[in-house]
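Asks: The sequence shown runs 1 to 501 under the working numbering. Please find one structure pasted underneath; my questions will follow.
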Amino acid sequence: MTLTKKPEKRPAAASWGLTAGDAAWEYAPAPESTDHIQIRPEYGLFIGNRFSPSKPRKTFEVINPATEEPLARVARASRADVDRAVTTARSAYESVWSRLPGRERAKYLYRIARILQERSREFAVVESMNSGKPIKESRDVDVPLAAAHFFYYAGWADKLEYAFPNRTPRALGVAAQIIPWNFPLLMLAWKIAPALAAGNTVILKPASTTPLTAYLFADVVRQADLPPGVVNIITGPGEIGMDLVRHPGVNKVAFTGSTAVGKMIGRAVAGSSKKLTLELGGKAANIVFDDAPLDQAIEGIINGIYFNQGEVCCAGSRLFVQESVYEPLLDKLKARLGTLRVGDPLDKNTDIGAINSAGQLAKVRELVDSGIAEGAEIFQPDCELPSRGYFFRPTLFTGVSQSHRIAQEEIFGPVLSVLTFRTPEEAVEKANNTPYGLSAGVWTEKGSRIFKMISAMRAGVVWANTFNRFDPTSPFGGYKESGYGREGGQHGLAAYLDLAG
Ligand code: NDP
1 MTLTKKPEKR PAAASWGLTA GDAAWEYAPA PESTDHIQIR PEYGLFIGNR
51 FSPSKPRKTF EVINPATEEP LARVARASRA DVDRAVTTAR SAYESVWSRL
101 PGRERAKYLY RIARILQERS REFAVVESMN SGKPIKESRD VDVPLAAAHF
151 FYYAGWADKL EYAFPNRTPR ALGVAAQIIP WNFPLLMLAW KIAPALAAGN
201 TVILKPASTT PLTAYLFADV VRQADLPPGV VNIITGPGEI GMDLVRHPGV
251 NKVAFTGSTA VGKMIGRAVA GSSKKLTLEL GGKAANIVFD DAPLDQAIEG
301 IINGIYFNQG EVCCAGSRLF VQESVYEPLL DKLKARLGTL RVGDPLDKNT
351 DIGAINSAGQ LAKVRELVDS GIAEGAEIFQ PDCELPSRGY FFRPTLFTGV
401 SQSHRIAQEE IFGPVLSVLT FRTPEEAVEK ANNTPYGLSA GVWTEKGSRI
451 FKMISAMRAG VVWANTFNRF DPTSPFGGYK ESGYGREGGQ HGLAAYLDLA
501 G
């Protein structure tokens, strides 16, 4: 039986191969300036290139999860507003966007990509303030990748016949797009860029906790001089998302979020002619064989589960280690965990920022408590957390069995479950023992083993000797309860086209 222990203290510096001087060394604060950032006190709905209040006029508060301070108020759309947005998108589709040649649509997309690059610092800071993610991630990952998606799909806009030879690709019409809070701007780009390149108009509903970069993007839409009604952005609770999904004027629904809501959306569009893509949860296996370069694997494991506080659908939340290297790997992993800096998302040295909301923090805590109650052994470095804000220590569990909730359920937080295996067959069987099938990782020196594992694992994306790599040219999506359809690459373009003709 595994005994439950209280969080361990940070290991002594000597046991990490560091000198005492190294361990005592502290980083000076390096906060990104917010002087140039202008967040308006209130945002209306963005419909037809204009911000307007909801009808009836209602708003809700958006906060900074790292400080719990309010950032702005945003409009709460009503069913009538949903209808107004869909009508506006339909009219823009019929009168302008569907009539433009692909090369003209491409010019707008290139313009958006360039403006995102020009305003990247502003976007990165607002993204970190609103979502809680570290500035080094929003600056180096979210914003550049969002711009890259617009560049990539701009390139396809006038080449649809070449992308799908012997077909007559046609736009679907009006796309309803619902996105989550973990990558607010990047998910916006994943949704809007292929939709516009394919010739559709869109209505985007961001998550209620993270609408600010979407409304900043509305400014970019106007700056790029996009025809009114091509991109519309509305905010409101989940039920408004469902009104949008059910609206008869919508031809395509794209959703990223929880499996529970994805299933509800699947049921809502069943029997209609609406095309649907669902990108849902995950419980990825990250498998380390005994011939893997361990130090490199450690960085991959850290990136796999602690990137974006673990609030990542494809996070490597289940680590499988071959038994012969379990002990050295675990020692290195615990030592590395102790070096992660948790705190102010706007500090350039921060590795782990704030959890996105009080509700998500409560979910993480509940699942961690269940891991302890079910007999797994917890390890957390003894790092200090800020006194305000929704922070959680990087956590790992050993002594985890396949049936534990922490090995089965998506935690969506900085929590890793460590398990072991002896043979490749056992690794595959354990890795596939999940209702999800979004992503996986394999660490080994043998190319042949990589190929064997890739074909045996039921996961939409498998990374080899790396983790959490994204590229606009590469399709992304899952099996089983992780959803269906693909985003990114040519597959992502096909999801916004009628290719039947
Ligand atoms: P949700 O699935 O509830 O939210 C995702 C988006 O869907 C948000 O825009 C949300 O709006 C909207 N939404 C909520 N309910 C409905 C509905 N009935 N019809 C249409 N749209 C709806 O995720 P949560 O924020 O509640 O997170 C819960 C869990 O889901 C997380 O702990 C994580 O495990 C998983 N998750 C997975 C994500 C992924 O990338 N695959 C992303 C986010 C969460 P609103 O914000 O207004 O509620």
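For every residue, glycine included, the Cβ atom is placed at its ideal position computed from N, Cα and C.
(1) Roughly how far, in whole angstroms, is the beta-carbon of residue 172 from the beta-carbon of residue 263, given that I think they are within contact range, below 8 Å?
(2) To the nearest angstrom, report how far apart residue 480 and residue 27 are at their CA atoms.
(3) Would residue 387 be called buried (16 or more neighbouring beta carbons within 10 Å of its own) or exposed?
(4) Just checking residue 179 against the ligand NDP - is the residue's beta carbon closer than 7 Å to any of the ligand's heavy atoms?
(5) Find the nearest neighbour of residue 407 within the set 158, 318, 491 and 398, judged by alpha-carbon distance.
(6) Please work out which residues of its chain come closer than 6 Å, Cβ to Cβ, to residue 506, disregarding the five sequence neighbours upstream and downstream, and give them in chain order.
(7) Give a yes or no on contact between the stretch 39-54 and the stretch 358-373, applying the rule of three or more CB pairs nearer than 8 Å.
(8) With a CB to CB cut of under 8 Å and the five nearest residues on each side skipped, what residues in its chain are close to residue 411?
(9) Is the beta carbon of residue 412 within less than 7 Å of some heavy atom of the ligand NDP?
(10) Can you find the residues in the same chain that come closer than 7 Å, C-beta to C-beta, to residue 53, ignoring five residues on each side of it along the sequence?
(11) Could you name the residues that DSSP lists as bridge partners for residue 203?
(12) Does the stretch 127-139 come close enough to the stretch 175-193 to have 3 or more Cβ pairs within less than 8 Å?
(13) Am I right that residue 255 and residue 421 are in contact with their C-beta atoms under 8 Å? What's the rounded C-beta distance?
(14) Would you say residue 189 and residue 154 are within 8 Å of each other, going by their C-beta atoms?
(15) Taking its Cβ as the centre, do 16 or more other Cβ atoms sit within 10 Å of residue 140, making it buried, or is it exposed?
(16) Quick one: does the C-beta of residue 245 sit closer than 7 Å to a heavy atom of the ligand NDP?
(17) On the DSSP letters alone, give me the boundaries of the beta strand (DSSP E) that residue 34 sits inside.
(18) Among 350, 340 and 85, which one has its Cα closest to the Cα of residue 30?
(19) Determine the extent of the alpha helix (DSSP H) in which residue 94 is found, giving its start and end residues.
(20) Is the distance from the Cβ of residue 96 to the Cβ of residue 250 below 8 Å?
(21) Can you give me the Cβ contacts of residue 482 inside the same chain, cut-off strictly under 7 Å, excluding the 5 residues immediately before and after it?
(22) With DSSP as the reference, identify every bridge partner of residue 286, one or two as the case may be.
(23) Would you say residue 232 touches the ligand NDP, meaning its beta carbon is less than 7 Å from a heavy atom?
(24) Give the straight-line distance between the Cα atoms of residue 193 and residue 204, rounded to the nearest whole angstrom.
(25) Would the stretch 232-241 count as touching the stretch 106-126 if we require 3 or more Cβ pairs under 8 Å?
(26) Taking C-beta to C-beta, are residue 355 and residue 413 nearer than 8 Å?
(27) Helix or strand or just coil, what does DSSP make of residue 488?
(28) Looking only at its chain, what residues have a beta carbon closer than 7 Å to the beta carbon of residue 423, apart from the 5 residues adjacent to it on each side?
(29) Could you work out which residue in 151, 446, 471 and 377 is closest to residue 464 when comparing CA atoms only?
(30) What number of angstroms, rounded off, separates the C-alpha of residue 100 from the C-alpha of residue 301?
(31) Using a Cβ-Cβ cut-off of 6 Å (strictly less than) and excluding sequence neighbours within five positions of residue 90, which residues of its own chain qualify?
(32) Here's a check: name, in chain order, each residue in its chain whose Cβ is nearer than 6 Å to the Cβ of residue 210, leaving out the five neighbours to either side.
(33) Within 10 Å of its beta-carbon, does residue 165 have 16 or more other beta-carbons around it, so buried, or fewer, so exposed?
(34) Report buried or exposed for residue 19, applying the criterion of at least 16 other Cβ atoms within 10 angstroms of its Cβ.
(35) Of the choices 398, 50 and 78, whose alpha-carbon is the least far from that of residue 379?
(36) Please classify residue 483: does DSSP put it in a helix, a strand, or coil?
Replies: In this structure, then:
(1) The pair is not a contact, with the Cβ atoms about 22 Å apart (cut-off 8 Å).
(2) Going by the C-alpha atoms only, they are around 44 Å apart.
(3) Answer is exposed; the Cβ neighbour count stays below 16.
(4) When distances are taken from the beta-carbon of residue 179 to the heavy atoms of the ligand NDP, the shortest one is below 7 Å.
(5) For the residues 158, 318, 491 and 398, the minimum Cα distance to residue 407 belongs to 318.
(6) Residue 506 lies beyond the residue range present for the chain, which begins at 1 and ends at 501; the question has no answer from this structure.
(7) Output reads no: the stretch 358-373 does not touch the stretch 39-54.
(8) Cβ within range, chain order: 310, 317, 363, 364, 367 and 368.
(9) Checking the Cβ of residue 412 against the ligand NDP gives yes.
(10) Answer for residue 53: 44 and 75, listed in chain order.
(11) In DSSP, residue 203 forms a bridge with 176 and 232.
(12) Yes: at least three Cβ pairs fall under 8 Å.
(13) 34 Å between Cβ atoms; not a contact.
(14) Cβ atoms of residue 189 and residue 154: not closer than 8 Å.
(15) Exposed is the call here.
(16) At least one heavy atom of the ligand NDP is nearer than 7 Å to the Cβ of residue 245, so yes.
(17) Careful: residue 34 lies outside any beta strand (DSSP E) and carries neither H nor E.
(18) Of 350, 340 and 85, the residue nearest in Cα terms is 350.
(19) Going by DSSP, residue 94 is part of the alpha helix (DSSP H) stretching over 79-95.
(20) No Cβ-Cβ contact shorter than 8 Å links residue 96 with residue 250.
(21) Hits under 7 Å: 280, 281, 282, 436, 437, 438 and 460.
(22) Looking at the DSSP assignment, residue 286 forms a beta bridge with 319 and 441.
(23) No.
(24) Those two C-alpha atoms are separated by around 12 Å.
(25) Too few Cβ pairs lie closer than 8 Å, so no.
(26) Taking 8 Å as the Cβ cut-off, residue 355 and residue 413 qualify as a contacting pair.
(27) Three-state DSSP puts residue 488 in coil, outside helix and strand.
(28) Counting only Cβ-Cβ distances below 7 Å, and skipping sequence neighbours, we find nothing.
(29) Nearest in C-alpha terms to residue 464, of all of 151, 446, 471 and 377, is 446.
(30) CA-to-CA, the gap between residue 100 and residue 301 works out to about 46 Å.
(31) Here the set comprises 174 and 249.
(32) If we look at residue 210 and ignore the five residues flanking it on each side, its Cβ neighbours are 130, 131, 181 and 184.
(33) Per the 10 Å Cβ criterion, exposed.
(34) Low local confidence applies: a pLDDT of 47 at residue 19 is under 50, so the model's placement there is unreliable, with the coordinate-based value given in what follows. Counting C-beta atoms within 10 angstroms of its own C-beta, residue 19 has fewer than 16 neighbours from the protein chains shown and is therefore classed as exposed.
(35) Checking every option, the nearest Cα to that of residue 379 belongs to 398.
(36) It is a strand residue.
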